[in-house]
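For the sequence shown, the residue numbers in the working numbering are 110 to 472.
For each residue, glycine too, the CB sits at the ideal point set by N, CA and C.
Keep in mind the model is a prediction, meaning the values are calculated, not measured.
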Amino acid sequence: MPDVRIEKLIKRFGNVTAIADVDIHIPDGEIVTLLGPSGCGKTTTLRCLAGFENADEGQIWIGDQLIFDSKQNINLSPQKRDMGMVFQSYAVWPHMSVFENIAFPLRIRKAPRKEIDEKVIRAMKMVGIEELKDRLPSEISGGQQQRVAFARAIVYEPAVLLLDEPLSNLDAKLREQMRFEILELQRKIGITTVYVTHDQEEAMVLSDEVLVMDFGKVIQRGDPEAIYFDPSNEFVADFIGKINFLPGTVKQVEEGASVVGIEEGGFRSEIHSTRTNYPQGQKVLASVRPENIHIHTSKPDQESNTWPAKLIRKNFLGGMFDMVVGVEGKELRARTPFKVEAKSGSEVFIHIPPKDVLLIHIN
Ligand SMILES: Nc1ncnc2c1ncn2[C@@H]1O[C@H](COP(=O)(O)OP(=O)(O)OP(=O)(O)O)[C@@H](O)[C@H]1O
Ligand SMILES: [Mg+2]
Numbered sequence: 110m111p112d113v114r115i116e117k118l119i120k121r122f123g124n125v126t127a128i129a130d131v132d133i134h135i136p137d138g139e140i141v142t143l144l145g146p147s148g149c150g151k152t153t154t155l156r157c158l159a160g161f162e163n164a165d166e167g168q169i170w171i172g173d174q175l176i177f178d179s180k181q182n183i184n185l186s187p188q189k190r191d192m193g194m195v196f197q198s199y200a201v202w203p204h205m206s207v208f209e210n211i212a213f214p215l216r217i218r219k220a221p222r223k224e225i226d227e228k229v230i231r232a233m234k235m236v237g238i239e240e241l242k243d244r245l246p247s248e249i250s251g252g253q254q255q256r257v258a259f260a261r262a263i264v265y266e267p268a269v270l271l272l273d274e275p276l277s278n279l280d281a282k283l284r285e286q287m288r289f290e291i292l293e294l295q296r297k298i299g300i301t302t303v304y305v306t307h308d309q310e311e312a313m314v315l316s317d318e319v320l321v322m323d324f325g326k327v328i329q330r331g332d333p334e335a336i337y338f339d340p341s342n343e344f345v346a347d348f349i350g351k352i353n354f355l356p357g358t359v360k361q362v363e364e365g366a367s368v369v370g371i372e373e374g375g376f377r378s379e380i381h382s383t384r385t386n387y388p389q390g391q392k393v394l395a396s397v398r399p400e401n402i403h404i405h406t407s408k409p410d411q412e413s414n415t416w417p418a419k420l421i422r423k424n425f426l427g428g429m430f431d432m433v434v435g436v437e438g439k440e441l442r443a444r445t446p447f448k449v450e451a452k453s454g455s456e457v458f459i460h461i462p463p464k465d466v467l468l469i470h471i472n
């Protein structure tokens with residue numbers, strides 16, 4: 110299967126810039142996810158790729174074939190692009206049977222009847238819906254409709270698969286199950302895939318690489334762990350998972366350690382970090398994920414990064430406790446899978462290991 114390259118893509122709708130100079134490379138056989146808030150340009154990027162939307166500027170390559178170039182007026186029609194797409198709403202046709210829905214892309218390509226029969230059956234088997242072949246979409250569940258849309262996207266064996274929030278209409282449990290099914294199927298076919306979602310967990314599970322987008326721009330790209338553990342700015346840190354920000358200034362940097370003076374309301378203290386990515390004097394957000402704030406009922410041994418605190422709220426989410434602790438008037442979010450003996454309202458201590466304090470610059 111070929112790789113896909115998008116270069117310097119720009120798409121405007123009137124005075125809205127939906128895509129603002131984006132470069133994306135999807136290596137052969139990999140899944141790259143576009144992740145970002147509503148309106149950041151994810152669907153528009155996919156539609157430009159598929160050829161349903163004409164970009165204003167840029168180039169798109171599939172392998173060594175140039176399929177779109179604004180300067181040379183190259184613009185292959187969607188049917189010639191060899192891409193399968195699952196739309197944000199599945200867009201299965203209500204008046205056609207499951208079989209006919211899946212057969213449709215082959216019929217418009219004028220495939221012979223025998224080939225249509227074989228390929229439709231194979232695609233249905235692949236997603237496990239052979240027994241539904243004669244039903245109408247109104248006679249199957251949402252999850253099954255999703256599979257029909259998926260089978261229709263892969264039936265003509267496209268080189269590239271484009272998936273636009275394919276799980277957004279499903280309930281939480283099915284959504285989680287389908288993530289793994291999509292991943293398994295994608296690996297089995299080895300198809301180069303662009304996946305669009307605003308669900309960060311889905312992006313984490315599915316992606317070889319995640320591109321975090323905002324206002325039509327790619328803000329950060331990296332594998333899921335890099336995006337989570339090394340967010341490059343406040344937007345990414347805040348969008349991916351939950352995080353506490355403590356604004357301050359780097360006071361001291363030595364080998365393997367920084368000290369940040371926190372300047373947040375009444376919370377004026379020093380926090381130690383093993384990150385040394387900024388020089389003395391730099392304004393930063395000392396940033397801590399909730400799972401890295403440890404709650405103790407008595408004073409822990411560690412001197413640094415330990416504060417007396419008040420347990421303001423404790424909620425059991427099933428599988429973990431979600432808490433709010435107050436330190437010098439600043440509220441911090443903490444999470445742990447372990448049982449917390451302290452009650453809401455009680456005095457506790459918090460400790461934050463220096464290795465878990467990320468530093469993110471403030472402009
Ligand atoms: N046909 C259109 N005409 C005018 N503006 C549009 C059109 N399509 C998209 N836009 C605008 O372009 C921007 C990007 O839209 P897009 O649909 O790509 O967002 P998205 O990231 O897919 O969002 P969502 O998560 O809500 O699906 C938005 O500001 C949107 O209002
Ligand atoms: Mg969209």
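Per DSSP, what kind of secondary structure is residue i in: helix, strand or coil?
i: V138; result: Per the sequence shown, residue 138 should be read as Gly rather than Val. Coil at G138, not helix or strand.
i: K180; result: coil
i: F338; result: helix
i: K228; result: helix
i: G375; result: coil
i: S247; result: helix
i: L185; result: coil
i: R121; result: strand
i: R330; result: strand
i: A312; result: helix
i: A127; result: strand
i: I155; result: The residue you asked about is not Ile; residue 155 is Leu in the sequence shown. L155: helix per DSSP, three-state reduction.
i: L276; result: coil
Here's the rule: buried if 16 or more other CB atoms are within 10 angstroms of the residue's CB, otherwise exposed. What is residue i?
i: S396; result: buried
i: D273; result: buried
i: T301; result: buried
i: G325; result: buried
i: E139; result: buried
i: S198; result: exposed
i: R296; result: exposed
i: L426; result: exposed
i: R156; result: buried
May I ask whether a heavy atom of ligand 1 can be found less than 7 Å away from the beta carbon of residue i?
i: F161; result: no
i: Q197; result: yes
i: V303; result: no
i: H204; result: no
i: G148; result: yes
i: H381; result: no
i: A127; result: yes
i: H405; result: no
i: G172; result: no
i: G167; result: no
i: F344; result: no
i: F122; result: yes
i: H307; result: yes
i: G331; result: no
From the DSSP output, read off the bridge partner residues of residue i.
i: L270; result: G193, T302
i: P356; result: L394
i: N424; result: D431
i: K408; result: Its beta-bridge partners do not exist; DSSP assigns none.
i: R442; result: V433
i: T383; result: The partner list for T383 (beta bridge, DSSP) is empty, contrary to what the question assumes.
i: A418; result: V457
i: W170; result: R114, L175
i: H403; result: H460
i: S367; result: V362, S382
i: M322; result: V327
i: I133; result: I115
i: H470; result: V393
i: L144; result: T306, V321
For ligand 2, is there any heavy atom lying closer than 7 Å to the beta carbon of residue i?
i: K326; result: no
i: K151; result: yes
i: D339; result: no
i: E274; result: yes
Could you compute how far the alpha carbon of residue i sits from the alpha carbon of residue j?
i: E373; j: A312; result: 33 Å
i: F376; j: E437; result: 5 Å
i: G350; j: I298; result: 31 Å
i: L144; j: A159; result: 18 Å
i: I183; j: R218; result: 22 Å
i: S407; j: L420; result: 13 Å
i: G167; j: A262; result: 26 Å
i: I133; j: V113; result: 8 Å
i: S413; j: V362; result: 16 Å
i: V195; j: M429; result: 35 Å
i: L118; j: N472; result: 27 Å
i: F289; j: V236; result: 12 Å
i: G252; j: P246; result: 11 Å
i: I238; j: N210; result: 13 Å
i: V131; j: R121; result: 13 Å
i: I128; j: Q255; result: 28 Å
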